[in-house]
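Asks:
Numbering (the numbering used here), first residue to last: 439 to 693.
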């Protein structure tokens, strides 16, 4: 993938797909678009459709006939009949809109490249509450960690610039900071310790997260006192001491 020198992508519009013998032969651009959307929660962007050979007029016609529908994110559509996730679809469509010409598979491939960091990763309270379902503190915005400062028209979107790519994982195709990274980010962002303790407790109790990994992630933002900080947060959340003992035993058994 070539770039324009400013971090943007210079992607040429693709002609309708032709069979190479090793790839599916899509009869029409719409069929190829539907295949791509199947890996994008049934969604696609107008820019992706244009890449595949459709026109804006084609898109309008698909909307008028009820084949696709607008999402809450500008320029992002959903195929009609695809199940809606009331919690996550807003985050998914918002993330698609941040790099509208690229398909999810392309963006995830770039993120997996250790030398590449030029995208957005779901993070902070959006990751903790909406994705991982930890704690009761809901986000006030859709949170993304990004490599440099950026602006967006939607005031409900928050960006957290970070020079180094955070630890992340793919959750049903959506890049999200790991639970340990998320907790460390929330600590650095000064989330009140009561809510953060609840998130940490839920991570250990309901997701079986490793306290050692969380403490390690907290070390850089606590001057090396990651474990002590984690234990203090659990104390604030009234977590029983047994959960720490059990977690340590499981960690030592796995070493």
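We put the beta carbon where it would ideally sit given N, CA and C, even for glycine. Predicted model only: the values in this text are computed from it and were never measured.
In the DSSP output, what is residue 606 paired with across the bridge?
Replies: In the DSSP output, where bridge partners are listed per residue, residue 606 has 615.
Asks: Do residue 674 and residue 631 have their beta-carbon atoms positioned less than 8 Å apart in this structure?
Replies: Contact: yes.
Asks: What is the residue span of the beta strand (DSSP E) that residue 508 lies within?
Replies: That run of the beta strand (DSSP E) goes 506-508.
Asks: Output yes or no for whether 8 Å exceeds the beta carbon distance between residue 568 and residue 525.
Replies: Yes, Cβ-Cβ distance for residue 568 and residue 525 is below 8 Å.
Asks: I'd like to know if the stretch 520-538 and the stretch 464-484 are in contact, where contact means that at least 3 CB-CB pairs between them fall below 8 Å.
Replies: Flag = yes, the stretch 520-538 and the stretch 464-484 touch.
Asks: May I have the straight-line CA-CA distance separating residue 580 from residue 685, to the nearest angstrom?
Replies: If you take the alpha carbons of residue 580 and residue 685, they lie about 31 Å apart.
Asks: Judging by CA-CA distance, which residue of 570, 553, 554, 555 is the nearest neighbour of residue 561?
Replies: Minimum Cα distance to residue 561 is reached at 570.
Asks: Hey, residue 583 and residue 615 are a contact pair by Cβ (cut 8 Å); roughly how many whole angstroms apart?
Replies: Going by Cβ atoms, the distance from residue 583 to residue 615 rounds to 6 Å, so yes, they are a contact pair.
Asks: In this structure, how does DSSP classify residue 620 when only helix, strand and coil are distinguished?
Replies: Residue 620: helix per DSSP, three-state reduction.
Asks: DSSP three-state call for residue 569: helix, strand or coil?
Replies: DSSP places residue 569 in helix when its eight states are reduced to three.
Asks: I need the DSSP call for residue 488, collapsed to helix, strand or coil.
Replies: In the structure shown, residue 488 sits in a helix (DSSP, three-state: H, G or I).
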